[in-house]
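A.B. asks: First the structure, then my questions, so here it is.
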Amino acid sequence: MSNGTRNDKTFLTDDIKENALYLRDLGYHKLEYFERINQASAFYASRLKSCVYLYWNKDKKEQPIDLQSLIDGLEENQYLDIEVYAGQKQRIKTRLVIQKVPEEVAAQKREKMKKNKRGNDRNVSQHRLDFCSCNAFITNLSREQWQAHMIAAIYKIRWQIEIILLFLKVKFGIRLGKKSAN
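Take 1 as the starting number for the sequence shown in the working numbering and just add one per residue.
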């Protein structure tokens, strides 16, 4: 948490504090940053971008994991919690947590995505629409300390805090960390 006086993207270059937990939004999903967090003995949790390639090992000749087949094998609200390597070029070891969402939720996510893309030249890919059937996270938090449902819960709380802060900013014009001119 910061004083709100600078853009969040600058946090990608900040010093990483040992044992700190960094919850990252998709806009700040940088695999090299997650690796830096890991090397600093700190922790991260982030939603998984649908375009990130996942692998079972570091072998550069290996084909990416068919994520959709993993998702299709889950029951509604069931979790999958596995170790994978993320990234096509630089493969970082990470924990993948997937929760299959109810079909009604997936349909709402797809509709919202299509609505947000209207007016753009690009269509939403079928891969991205299929990915709406789950919530997917990557993290280096251990299973022993953080069960799969806890990863989803902490990320949901992060999102709720962001919404509250946005509401305060819009509704009351609150500007955290700004000094008044006296």
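Here a beta-carbon is modelled for each residue, glycine too, at the ideal position from N, C-alpha and C.
Just so you know, these numbers come straight off a predicted model, no measurement behind them.
#1: Per DSSP, which one or two residues make a beta bridge with residue 95?
#2: With distances taken Cα to Cα, identify the nearest neighbour of residue 127 among 19, 41 and 52.
#3: Determine the extent of the alpha helix (DSSP H) in which residue 53 is found, giving its start and end residues.
#4: Nearest to residue 46 by alpha carbon, out of 132, 166 and 152?
#5: Tell whether a beta-carbon distance below 7 Å holds between residue 72 and residue 97.
#6: Within the continuous alpha helix (DSSP H) that includes residue 69, where are the two ends?
#7: What does the alpha-carbon distance come out to for the pair residue 89 and residue 173?
#8: Here's a check: name, in chain order, each residue in its chain whose Cβ is nearer than 8 Å to the Cβ of residue 75, leaving out the five neighbours to either side.
#9: By the 10 Å Cβ neighbour count, where 16 or more other Cβ atoms means buried, how is residue 138 classified, buried or exposed?
#10: With distances taken from CA atoms, which of 87, 106, 40 and 66 is nearest residue 60?
#11: Rounded to a whole number of angstroms, what is the C-alpha to C-alpha distance between residue 105 and residue 79?
#12: What residues are listed by DSSP as bridge partners for residue 24?
#13: Within 10 angstroms of its Cβ, does residue 84 collect 16 or more other Cβ (buried), or is it exposed?
#14: Would you list the one or two residues that DSSP bridges to residue 134?
#15: Applying the 10 Å Cβ sphere with the 16-neighbour rule, what's the burial state of residue 159?
#16: With respect to the alpha helix (DSSP H) encompassing residue 35, which residues constitute its N-terminal and C-terminal limits?
#17: Please state if the CB of residue 37 and the CB of residue 54 are separated by a distance shorter than 7 Å.
C.D. replies: If we stick to the structure as given:
#1: Working through the sequence shown from its first residue, we reach residue 95 at position 95. DSSP, once it has assigned bridges, lists 83 and 139 as partnering residue 95.
#2: By 1-based counting over the sequence shown, the position of residue 127 is 127. Looking at the Cα atoms, 52 is the closest of the given residues.
#3: In the sequence shown, the residue the question calls residue 53 occupies position 53. Unbroken run through residue 53: none, as it is neither H nor E.
#4: Reading the sequence shown from its first residue, position 46 is the one you call residue 46. Among 132, 166 and 152, the Cα nearest to that of residue 46 belongs to 152.
#5: Locating residue 72 in the sequence shown gives position 72, where the first residue counts as 1. Locating residue 97 in the sequence shown gives position 97, where the first residue counts as 1. Result no, Cβ atoms of residue 72 and residue 97 do not sit closer than 7 Å.
#6: Here residue 69 refers to the residue found at position 69 when the sequence shown is read from its first residue. Note, residue 69: alpha helix (DSSP H), 67-72.
#7: The residue labelled residue 89 in the question sits at position 89 within the sequence shown. The residue labelled residue 173 in the question sits at position 173 within the sequence shown. About 43 Å.
#8: Position 75 of the sequence shown, counted from the start, is the residue given in the question as residue 75. Excluding positions up to five away in sequence, the list reads 100.
#9: Position 138 of the sequence shown, counted from the start, is the residue given in the question as residue 138. Residue 138 comes out buried.
#10: The count along the sequence shown starts at 1 and reaches residue 60 at position 60. Ranking 87, 106, 40 and 66 by Cα distance to residue 60 puts 87 first.
#11: The sequence position of residue 105 within the sequence shown is 105, counting from 1. The sequence position of residue 79 within the sequence shown is 79, counting from 1. Distance between the alpha carbons of residue 105 and residue 79 is about 16 Å.
#12: One-based indexing of the sequence shown puts residue 24 at position 24. DSSP output for residue 24 lists 46 as bridge partner(s).
#13: Residue 84 sits at position 84 when you count from the first residue of the sequence shown. Answer is buried; the Cβ neighbour count reaches 16.
#14: As a first step, residue 134 must be located in the sequence shown, where it is residue number 134. 100.
#15: Your numbering for residue 159 matches position 159 in the sequence shown. Result: exposed.
#16: Taking the first residue of the sequence shown as position 1, residue 35 is located at position 35. Counting along the chain, the alpha helix (DSSP H) containing residue 35 begins and ends at 31-39.
#17: Mapped onto the sequence shown, residue 54 falls at position 54. Mapped onto the sequence shown, residue 37 falls at position 37. Going by C-beta atoms, residue 54 is not nearer than 7 Å to residue 37.
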